[in-house]
Amino acid sequence: MNLFAEAFAWMLAPEQWTGNYALPKLLAEHLALTAISVLIAAVIAVPIGWLIGHTGKGREIAVAVSGAARAIPAFGLMILLVLLLGVLRIPEAAVITFVLLAIPSLLAGAYTGLEAIDRRIIDAAKAMGMTSWQVFWKVEVRLGLPLLVGGIRSALLQVIATVTIAAYVNLGGLGWPIIQGIPLQKFDQVLAGAILVAALALVVDLLLAAAQHAAVPAGLRTGSAPKRRERARSQASATATATA
Amino acid sequence: MNWVADNLGLIFDLTLVHLRQSIIPIVLGFVLSLPLGWVAWRFRLVRGPIIVLTGLLYTIPSLALLILLPSVAGYSARSEANLVIALTIYAVAILVRAVSDGLDSVDDDVRQAATATGFAAWRRFWAVEFPLAGPVILAGLRVTAVSTISLATVGILIGVTNLGYLFTNGLDRRIIAEVFAGIIAVVVIALVIDLILLLLGRALMPWTRAASKPAAARALAVGAPA
Chain A
1 MNLFAEAFAW
11 MLAPEQWTGN
21 YALPKLLAEH
31 LALTAISVLI
41 AAVIAVPIGW
51 LIGHTGKGRE
61 IAVAVSGAAR
71 AIPAFGLMIL
81 LVLLLGVLRI
91 PEAAVITFVL
101 LAIPSLLAGA
111 YTGLEAIDRR
121 IIDAAKAMGM
131 TSWQVFWKVE
141 VRLGLPLLVG
151 GIRSALLQVI
161 ATVTIAAYVN
171 LGGLGWPIIQ
181 GIPLQKFDQV
191 LAGAILVAAL
201 ALVVDLLLAA
211 AQHAAVPAGL
221 RTGSAPKRRE
231 RARSQASATA
241 TATA
Chain B
1001 MNWVADNLGL
1011 IFDLTLVHLR
1021 QSIIPIVLGF
1031 VLSLPLGWVA
1041 WRFRLVRGPI
1051 IVLTGLLYTI
1061 PSLALLILLP
1071 SVAGYSARSE
1081 ANLVIALTIY
1091 AVAILVRAVS
1101 DGLDSVDDDV
1111 RQAATATGFA
1121 AWRRFWAVEF
1131 PLAGPVILAG
1141 LRVTAVSTIS
1151 LATVGILIGV
1161 TNLGYLFTNG
1171 LDRRIIAEVF
1181 AGIIAVVVIA
1191 LVIDLILLLL
1201 GRALMPWTRA
1211 ASKPAAARAL
1221 AVGAPA
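Residue numbers (the numbering used here), protein chains in the order written: chain A, 1 to 244; chain B, 1001 to 1226.
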């Protein structure tokens, strides 16, 4: 594993800690692009997803749009937008790509979260005299939260993976050591970049897995859940938990 | 659109290469996932580790995986085999879960009835459990197929030529039509393969035509790697 030793040596070399392509700066760029894009996507997708889940209408359209979106290669879409918007607006073109990429997962997380709720719970809430708004905000949103966090998790991972590729249009981020290093055959640098990107994705995945666990309302967490509910939940989380 | 008319041959050739590079991982992934998914479903003890391990592999961004795999295993990163292996790993990650969930979806009463009728384990799997798990597995396979075809374009970044070439070449030469043609070609072959799988599923599992909605919707919510 000499190659790995060289990669770690490259990472620790002082040149990688100063200047325009310093590793902390690349990491910050990667995280900032990811956070901004997922945030914008969430502002768009979560209310729509909740509306679909609450009313039960428009689901087919959301499923069709999300399915078709998966066929579009993110790398190609980003390059197309860069060419269409011009080289001066590369960050905008990239962010639009990432937002479009993140929307299907967030949308699915939002509406499957509401759909997975036992109808009897909704009926019980209505029978107690809750208004439609109260049912939505006090029951549906809380119970749907774990699946929504699952959607956020997959959106984040997809965007982190795609920001890596975005280094191809000089956007910086942790993909830069990889993309810049390949043509120059600097394999220590390329491998170091790959290790860092993989580590970042794994750390974010673990953090969001913990958040997903914490998002289960306390009342549902205590004691041993009946087997049926457990299975329903694990099936539902399979729906929204997807990664890039 | 002059560029497209002048380069139909190139687009066609790249499409064929692209199909080869994506269909092999889809088929390999399916074949590998059947036993793995069955083991994960049958033996609770290994289920957690298998699902976690494939999930972690799926988490690793494609560009990183395309560099890490050859570094660990000691083969060339710039080979078509590297891309095919990485795409197969992603396919296995989606499909192991789909197979195990599919087997989970088979009603236990049906399983017991089959055993009582005299089906031994091997025959029960192929004649009863596998067909009944079919809709969920097919939904997973369709997601795998579409995302594999779309993801394969990243291969161009490690020097493996396919439809992704139209993206990088189009950017270098600033030809919007070339990039656009690349995207359209990828989307079209993804949708055609998806349609073929859908029709194949209907032909092989005629009983699902009315009831396939939940399974399909479920799989559609699973994200694609980038």
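Ideal Cβ positions, reconstructed from N, Cα and C, are used throughout, including at glycine.
Distance, Cα to Cα, residue i vs residue j?
i       : j       : result
A/A116  : A/R142  : 12 Å
A/L85   : B/L1056 : 36 Å
B/L1199 : B/A1139 : 12 Å
B/R1020 : A/I48   : 38 Å
B/I1156 : B/R1124 : 44 Å
A/W10   : A/Q16   : 7 Å
A/G181  : B/L1163 : 23 Å
A/E140  : B/F1180 : 41 Å
B/L1228 : B/A1177 : This structure gives no information on residue 1228 of chain B, because the portion of chain B shown stretches from 1001 to 1226.
B/A1113 : B/V1128 : 10 Å
A/I122  : A/L147  : 17 Å
A/L33   : B/G1118 : 59 Å
B/A1073 : B/I1067 : 11 Å
B/R1078 : A/I61   : 40 Å
A/V216  : B/D1194 : 35 Å
B/S1071 : B/G1159 : 16 Å
A/A64   : B/V1143 : 13 Å
A/Q212  : B/D1172 : 42 Å
A/A214  : A/K138  : 17 Å
B/E1080 : A/G144  : 43 Å
Along the chain, where does the alpha helix (DSSP H) containing residue i start, and where does it finish?
i       : result
A/T112  : 90-115
A/A167  : No alpha helix (DSSP H) contains A/A167, which DSSP labels as neither H nor E.
A/P14   : Note, A/P14: premise wrong, no alpha helix (DSSP H); not H, not E.
B/W1126 : Looking at the DSSP string, B/W1126 is not in any alpha helix (DSSP H), and its letter there is neither H nor E.
B/N1169 : 1165-1173
B/G1201 : 1176-1204
A/F136  : Segment: none, A/F136 is in no alpha helix (DSSP H) and carries neither H nor E.
B/F1012 : 1008-1042
A/R120  : 119-127
B/P1070 : 1062-1073
Taking Cβ-Cβ distances shorter than 8 Å, what residues in chain A pair up with residue i?
i       : result
B/R1020 : Near B/R1020 there are no residues of chain A at all, since even the closest Cβ is about 17 Å away, more than 8 Å.
B/I1158 : I182
B/F1180 : L80
B/R1174 : L83
Counting only Cβ pairs nearer than 7 Å, list the residues of chain B close to residue i.
i      : result
A/I178 : L1063, I1067
A/F75  : T1153, V1154, G1164, F1167
A/L202 : L1056, T1059
A/Y168 : L1157
A/V190 : I1067
A/D205 : T1059
A/G175 : L1063
A/L3   : S1071
A/I40  : By Cβ distance, chain B contributes nothing, its closest Cβ being about 17 Å from A/I40, past 7 Å.
Quick one: which chain B residues come within Cβ less than 9 Å of residue i?
i      : result
A/T164 : P1061, S1062, L1063, A1064, A1226
A/V46  : Chain B residues near A/V46: none, gap ~15 Å exceeds 9 Å.
A/G53  : Near A/G53 there are no residues of chain B at all, since even the closest Cβ is about 12 Å away, more than 9 Å.
For a contact defined as C-beta to C-beta under 7 Å, what are the partners of residue i on chain A?
i       : result
B/A1190 : A71
B/I1183 : I72, P73, G76, L77, L80
B/V1146 : R70, A71
B/S1150 : R70, A71, I72, P73
By the criterion of Cβ-Cβ separation under 8 Å, what are the contact partners of residue i in chain C?
i       : result
B/L1087 : Any reference to chain C falls outside this structure, whose protein chains are A and B.
So residue i contacts chain A; which residues on that side make the cut at Cβ distance below 9 Å?
i       : result
B/G1170 : G76, I79, L80, L83
B/V1186 : A71, I72, P73, G76
The region 197-206 of chain A contacting the region 160-169 of chain A, beta-carbon criterion three pairs below 8 Å: yes
Alpha helix (DSSP H) segments (min. 4 residues) lying fully within the region 19-88 of chain A: 23-55, 59-71, 74-85
Unbroken stretches of the alpha helix (DSSP H), 4 residues or longer, contained in the region 1099-1123 of chain B: 1108-1117
Cβ contact (3+ pairs, closer than 8 Å) linking the region 1096-1116 of chain B and the region 1132-1146 of chain B: yes
Any alpha helix (DSSP H) of 4 or more consecutive residues that is wholly inside the region 175-230 of chain A: 176-184, 187-214, 218-221
Segment contact flag, the region 32-45 of chain A with the region 93-109 of chain A, C-beta cutoff 8 Å, min 3 pairs: yes
Given 8 Å, three or more beta-carbon pairs between the region 13-29 of chain A and the region 70-83 of chain A: no
Sufficient close CB pairs (3 or more, under 8 Å) joining the region 1141-1155 of chain B to the region 58-75 of chain A: yes
At least 3 beta-carbon pairs within less than 8 Å: the region 1042-1061 of chain B vs the region 1090-1101 of chain B: yes
Cβ contact (3+ pairs, closer than 8 Å) linking the region 105-115 of chain A and the region 1181-1201 of chain B: no
Inter-stretch contact (C-beta, 8 Å, three-pair minimum) for the region 145-155 of chain A and the region 171-189 of chain A: no
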